[in-house]
Every structure is written in C-alpha cells, then in structure tokens.
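The structure appears right after this line, and notes come after that.
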Amino acid sequence: MNFVAYLVPALFLSLFAYAALRRVKLYDTFLDGVKEALPLVVRIFPYLAVIFLLTALFERSGLAHMLTEALAPFFRLCGIPPEIAALVLIKPFSGSGSTAVLSDLLATYGPDSYIARCASVAYGSSETVFYLSAVYFAGKKKKLLRPVLIALCANFLGVVFGCFLCRFL
Amino acid sequence: MLLAGGLFLLGDPEGFLAAMLEGGQKAAVLSLSLLSLYCVWLGFFRVLEASGLARKLTAFSAPILKRLFRSEDEEALSHAGNNLTANLLGLPGAPTPEGIAAVDRFLAEGNDFAADLLFVLGATSLQLLPTTVISLRLAAGSSAPSDIFLPTLLATAASSLLGVLFVFLARKLLRKRAVP
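Quick mapping for you: the protein sequence lines, in order, are chains H and E. Residues in the first sequence are numbered from 1 upward in steps of one, following our numbering. Residues in the second sequence are numbered from 1001 upward in steps of one, following our numbering.
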C-alpha cells in the first residue's frame, strides 16, 4: 500500500552499500552534509516567518472567508464545486491549513462523494506556492511576481481540469 | 495585511497580536521539523555526490536537462535533476535543499529563466503518488481511497505542462520587448 514506506529505506540502503564499495568515508561525508542543514534553516527562517504571519492574519481576520464567499460564483462558473473554494484558496499559503480543510471536507461530505473527490484531486495536484517561493528565492534580489503568478494560474487551471475529470473517472 | 488589520480593529482587536503570534509559532515549529528533514537529506545527497553516483545519474539526464533549462552549469543541472526526482517520488523534505542549491547556481550565472522553470515545476506538484491524500481518505473510511489517483495524476500533469508553457511564453515575450 504505502510505496514511499519501502522506497526510503531501500534508497538509503542501496546508496550506502554502493558508497561503501567505492570506499567513501560514510560517517565523515554524511556529517559534512548535515553541517549545511542549520545554516540553510537559518537562512530561510525569516521568509518563512513572514509568510506564516501573513497567512495567520489572512485566515483569522475572516478575510479568507470573505474572499471564499465572493469567489464562489466564479468557481462555480469554472466547474469547481463552491464547497471546495476554501481549500483551493488556502492551499497556496499553508500546507497544514489545507490538510485540515481537506480532512473536514472528507468527514462532512463522505470520502467517496463527488465533492470530496474533487477536493482530493485539488489538494493532490497543487502545491504551497507562496511557501515554496519564499524558500526557493530566500534572500535573492529577484522579481517574484512573474513565477508566482505563473504557478498560481497553472495550479488553478489544473484544479479546474481535475474537477472536470472527477465527473467521469 | 492592512485589510486584515482593519477587520481586526472592527471586530476583535485582541485577536490581532494573537493571530500573528500563532503564525510565528507555526513558522518556528515548521523550521524545526525542516531542520531534521534537511539533516537527513543533505547527508544523503552528500554521500550520493561523494560516491560518484550523482555524476553517473547526471550524465544520463544531462542532455535533456541542458535543453530544458538552457544551462551549461553541470552542478546546477545535477541539483535540479535531484530536485525533480525527489519531487516525482514524493520524498518529504528532500526536494527543497536540492532546489535551493540549483536556484542559487542558476541565478549566479544570470539564468532567471531556469530558476523560474524549476520553481514552477516544483510549485505545480510533480508527485506521482498522492500519498497524503490517500492516507487521509483511508482514515476517513473511504471504500476506494486510491480512486483519485488517475484524475490527480492527469490534473497535476496538466498544471505542470501549463506552467512550463507559461514560463517559455514569458521568456519569448520578454525577448521580443528587449530586441525591438
């Protein structure tokens, strides 16, 4: 059932066996890699923190709810059930937030209903765009608007297509 | 931010700081779990490099990656390749450090296009098997938890292809404007 569960130990085992055969100093090499972990997290932390502060404000102020209500007719027009609008809106901001919304939808409508299937596809076919842009481009002098807009558009169209597919598949 | 602040002033002035602190706390907790994930995967990828296996894998995929990203930087392409593979397999936390390393090198050689492309590929989700969704559906008592596999795969393929198309189009438009 869980393919990743077997994949990860298999990957590590085969790599370490191969590296040992090639006489790589396993302990020292692995340690060298781990040394980079803390600086990396320190580097991306400020960007993560700001994204999370803004996301919390967006959700807690009721702004997210208002936006969901306002966009419901537009979502219906695109063939996305308005019940999953909140999920589609939260997903770019927050992975844990959208996981909670998906669990709610599965429980409320039953996991095999059309709405829950659409929600599952919407969740699985998109990513946390704002979080990723903060992490990938942390500390870079770069205009982020273009790649972020492109990713958001592509994800939204993917969700529209996914909801359309859920009617047949 | 301003809109949210205004809404808090009208309704729940005490909730403003509470919401921001909650966000900060989430960021702190997430950073710690990212730290543990990065320890594991940065160690893993360092061994992959030292064993010479990374170079072999890159030699295999380099021709495709070179054309896709329009880059000659072997090391950047190797990181990008690792990032894409980890994304496809859905290894939690593994794509990010490799993606950051690749974006760093792409931007250092002034290749904004490659950085955008790698970001858009990651941000439109490449995961072949939506494991989180399947386990959530299983937990909710679904009779066919992996039923959504095919539509998800098609939808995510569509969004990634569209994303790549948009990045290429944006590059073309910018070029036209630069050379009038």
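All C-beta atoms, glycine included, are put in the ideal place defined by N, C-alpha and C.
What three-state label does DSSP hand Ile1148 (chain E) in the structure shown?
helix
In the structure shown, what three-state DSSP assignment does Gln1127 (chain E) receive?
coil
Taking beta-carbon pairs under 7 angstroms, can you tell me which members of the region 113-133 of chain H lie near chain E?
Arg117, Ser120, Val121, Tyr123, Gly124, Ser125, Ser126, Glu127, Val129, Leu132, Ser133
Can you find the residues in the same chain that come closer than 8 angstroms, C-beta to C-beta, to Val121 (chain H), ignoring five residues on each side of it along the sequence?
Val159, Gly162, Cys163, Leu165, Cys166
DSSP state of Ala1104 (chain E) mapped onto helix, strand, coil
The identity of residue 1104 (chain E) in the sequence shown is Asp, whereas the question assumes Ala. Three-state DSSP puts Asp1104 (chain E) in a helix.
What residues of chain H sit near Thr1096 (chain E), judged by a beta carbon separation below 7 angstroms?
Val135
Does any C-beta atom of chain H lie closer than 8 angstroms to the C-beta of Leu1068 (chain E)?
no
DSSP three-state assignment for Glu1072 (chain E), whether helix, strand or coil
coil
Cβ-based burial, Ala151 (chain H) [other Cβ within 10 Å; buried from 16]
buried
The alpha helix (DSSP H) enclosing Leu1048 (chain E), as first and last residue numbers:
1015-1050
Taking the alpha-carbon of Leu1089 (chain E) as reference, which of E:Leu1174, E:Lys1172, E:Leu1153 has the nearest alpha-carbon?
E:Leu1153
Spell out whether any CB of chain E is found under 8 angstroms from the CB atom of Asp104 (chain H).
no
Report, in whole angstroms, the separation of the C-beta atoms of Thr1085 (chain E) and Glu1074 (chain E), which I expect to be a contact under 8 angstroms.
In fact, because the Cβ distance is near 16 angstroms, the residues do not count as touching under 8 angstroms.
Alpha carbon to alpha carbon, how far is Pro147 (chain H) from Met1 (chain H)? Give it in angstroms, no decimals.
At Met1 (chain H), the pLDDT of 49 sits below 50, so the modelled position is not reliable and the matter cannot be decided from this model.
Starting from Cys78 (chain H), trace the alpha helix (DSSP H) both ways and give me its first and last residue.
Note, Cys78 (chain H): premise wrong, no alpha helix (DSSP H); not H, not E.
Nearest to Pro1013 (chain E) by alpha carbon, out of H:Ser61, H:Val101, H:Ala10, H:Leu54?
H:Ser61
By the 10 Å Cβ neighbour count, where 16 or more other Cβ atoms means buried, how is Met66 (chain H) classified, buried or exposed?
exposed
Ile90 (chain H): contacting residues in chain E (beta-carbon distance under 9 angstroms)
What Ile90 (chain H) touches in chain E: nothing, since even the nearest Cβ is about 13 angstroms away.
Give a yes or no on whether the minimum CB-CB distance between Phe93 (chain H) and chain E is below 8 angstroms.
no
Separation of Leu1077 (chain E) from Leu1065 (chain E), as counted between CA atoms:
7 angstroms
Here's the rule I'm using: 16 or more other beta-carbon atoms within 10 Å means buried, otherwise exposed. How should Gly1081 (chain E) be labelled?
buried
Please go through the region 110-167 of chain H and give each complete alpha helix (DSSP H) segment of 4 or more residues, from N-terminal end onward.
114-125, 129-136, 145-166
So Lys25 (chain H) is in the alpha helix (DSSP H); what residue range does that whole segment cover?
Premise fails: Lys25 (chain H) is in no alpha helix (DSSP H) and is neither H nor E.
Would you please verify whether the beta carbon of Ala1170 (chain E) is less than 8 angstroms from any beta carbon of chain H?
yes
Does Arg1046 (chain E) pass the burial test, meaning 16 or more other C-beta atoms within 10 Å, or should it be called exposed?
buried
How big is the Cα-Cα spacing for Ile44 (chain H) and Leu132 (chain H)?
10 angstroms
Is it buried or exposed for Leu1126 (chain E), if we count other Cβ within 10 angstroms and need 16 for buried?
buried
Just to make sure I have the definition right: I need the residues of chain E whose C-beta is within less than 8 angstroms of the C-beta of Tyr18 (chain H). Which are they?
Ser1051, Leu1053
Touch check for the region 1149-1164 of chain E and the region 1092-1104 of chain E: three-plus C-beta pairs under 8 angstroms?
no
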